[in-house]
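To start, the structure under review is shown below, and the notes come after it.
Number of protein chains: 2
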Amino acid sequence: MPSPDADSSTPDRRPAVDSPVLDPAVAARLKRDAAGLVAAVVQQHDTGEVLMLGWMDDEALRRTLTQGRVTYWSRSRGEYWRKGDTSGHAQYVRSVALDCDGDALLVRVDQVGAACHTGDRTCFDADDLGAVVGDPSATGGPSDADR
Amino acid sequence: MPSPDADSSTPDRRPAVDSPVLDPAVAARLKRDAAGLVAAVVQQHDTGEVLMLGWMDDEALRRTLTQGRVTYWSRSRGEYWRKGDTSGHAQYVRSVALDCDGDALLVRVDQVGAACHTGDRTCFDADDLGAVVGDPSATGGPSDADR
Numbered sequence: 001m002p003s004p005d006a007d008s009s010t011p012d013r014r015p016a017v018d019s020p021v022l023d024p025a026v027a028a029r030l031k032r033d034a035a036g037l038v039a040a041v042v043q044q045h046d047t048g049e050v051l052m053l054g055w056m057d058d059e060a061l062r063r064t065l066t067q068g069r070v071t072y073w074s075r076s077r078g079e080y081w082r083k084g085d086t087s088g089h090a091q092y093v094r095s096v097a098l099d100c101d102g103d104a105l106l107v108r109v110d111q112v113g114a115a116c117h118t119g120d121r122t123c124f125d126a127d128d129l130g131a132v133v134g135d136p137s138a139t140g141g142p143s144d145a146d147r
Numbered sequence: 148m149p150s151p152d153a154d155s156s157t158p159d160r161r162p163a164v165d166s167p168v169l170d171p172a173v174a175a176r177l178k179r180d181a182a183g184l185v186a187a188v189v190q191q192h193d194t195g196e197v198l199m200l201g202w203m204d205d206e207a208l209r210r211t212l213t214q215g216r217v218t219y220w221s222r223s224r225g226e227y228w229r230k231g232d233t234s235g236h237a238q239y240v241r242s243v244a245l246d247c248d249g250d251a252l253l254v255r256v257d258q259v260g261a262a263c264h265t266g267d268r269t270c271f272d273a274d275d276l277g278a279v280v281g282d283p284s285a286t287g288g289p290s291d292a293d294r
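Chains W and R, in that order, are what the protein sequence lines are. For the first sequence, position 125 matches number 125 in our numbering, and the numbering has no gaps at all. For the second sequence, position 58 matches number 205 in our numbering, and the numbering has no gaps at all.
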């Protein structure tokens, strides 16, 4: 079990709820990728809009679970990134759930303004790929050989 | 630009719409991980439920865009996996969108039955992490030093 860094002499303006390490019981259930990250699906709590997909390591998840605001690990910048600190478009946490195999999180939030850096409400607004719509009344299909 | 395999002598029961390679214009916009995959967030089209997170390579996305059913790449089994062919819990495609930086898809579906292999409706039903709820009326917070 990880040993929390309990050096009480470290200056720390965080409230008591903001424990210094991710709950080991949660950390033990995470199935991280090679970079130590899990995917975080972010959803507007009331409308159900899927706003974006971000990435979290243990520390980003710890901050998200304890601070009421969503923090990611930026793969492109290599740093923690608390959504809204630069843009004002904060994400206030409503709930966080881990999926059945531990490699994805569902973060339900109250999103201030646009979730996407382009100014769109969601990161999925701009690029519909024109998929063929499926027909539940049809049976089988062209790939019955797939399992 | 990729050269489609146009060997017309290959037995192929797929309809014409089911082209043999992913549209190069779409393929060029994908930002794949080291394993050649992008994340696929799957959402029930009418209720807004986030059902699961899966993974797609170019071929899984091609099948999903053209067949009306969702196909994933199974990282654990190392094979294509068309949801529902084994369980009956098919996902019929309504739309597929790519996100702003090309590394995530939002797949809106009509889900038959449970999306999760555990029998739960979604893969996020069972493990709420007890996050602290954020307060939009509060300002700043404990990590103003984060950006």
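Even glycine gets a Cβ: it sits at the ideal position worked out from N, Cα and C. No experiment lies behind these values; they were computed from the predicted model shown.
How far does the beta strand (DSSP E) with residue i in it extend, from its first residue to its last?
i               : result
L51 of chain W  : V50 to M56
V173 of chain R : Here V173 of chain R belongs to no beta strand (DSSP E); instead the alpha helix (DSSP H) covers P171 to A174.
Please report the distance separating the alpha-carbon of residue i from that of residue j.
i               : j               : result
A186 of chain R : W81 of chain W  : 20 Å
R94 of chain W  : A115 of chain W : 16 Å
A90 of chain W  : R216 of chain R : 35 Å
T122 of chain W : Q111 of chain W : 10 Å
D291 of chain R : Q43 of chain W  : With a pLDDT of only 40 at D291 of chain R, under 50, the local geometry of the prediction cannot be trusted, and the value read off the model is given with reservation. Looking at the two C-alpha atoms, the distance is approximately 24 Å.
L200 of chain R : D103 of chain W : 9 Å
R62 of chain W  : V41 of chain W  : 16 Å
G78 of chain W  : G36 of chain W  : 12 Å
S3 of chain W   : Q67 of chain W  : Annotation note: pLDDT 43 at S3 of chain W (below 50); position unreliable, coordinate value reported separately. In a straight line, the C-alpha of S3 of chain W is about 22 Å away from that of Q67 of chain W.
A97 of chain W  : D193 of chain R : 21 Å
V280 of chain R : Y92 of chain W  : 7 Å
L212 of chain R : L129 of chain W : 8 Å
For residue i, would you say it is in contact with chain R, using Cβ-to-Cβ distances shorter than 8 Å as the test?
i               : result
G113 of chain W : no
P2 of chain W   : Because the pLDDT at P2 of chain W is just 42, under 50, the model does not fix this residue reliably, and the value given afterwards should be weighed accordingly. Answer no: the Cβ-Cβ gap between P2 of chain W and chain R never drops below 8 Å.
G36 of chain W  : no
D135 of chain W : yes
R69 of chain W  : yes
V21 of chain W  : no
G48 of chain W  : yes
Does the CB of residue i have a neighbour CB from chain W at under 8 Å?
i               : result
M199 of chain R : yes
A251 of chain R : yes
H264 of chain R : yes
D204 of chain R : no
G225 of chain R : no
V245 of chain R : According to the sequence shown, residue 245 of chain R is Leu rather than Val. Yes, because at least one Cβ of chain W sits closer than 8 Å to the Cβ of L245 of chain R.
G231 of chain R : no
Y239 of chain R : yes
Under the DSSP definition of a beta bridge, which residues are partnered with residue i?
i               : result
L105 of chain W : W:A40 and W:L98
S221 of chain R : R:E226
R69 of chain W  : W:Y92
D257 of chain R : R:Y239
D275 of chain R : W:A97
Find the residues of chain R that neighbour residue i, judging by a C-beta separation of less than 7 Å, and give them in chain order.
i              : result
S95 of chain W : D275 and A278
L65 of chain W : L276, A278 and V279
Against residue i, what residues of chain W qualify as contacts under a CB-to-CB distance less than 7 Å, listed in chain order?
i               : result
A186 of chain R : A39 and L53
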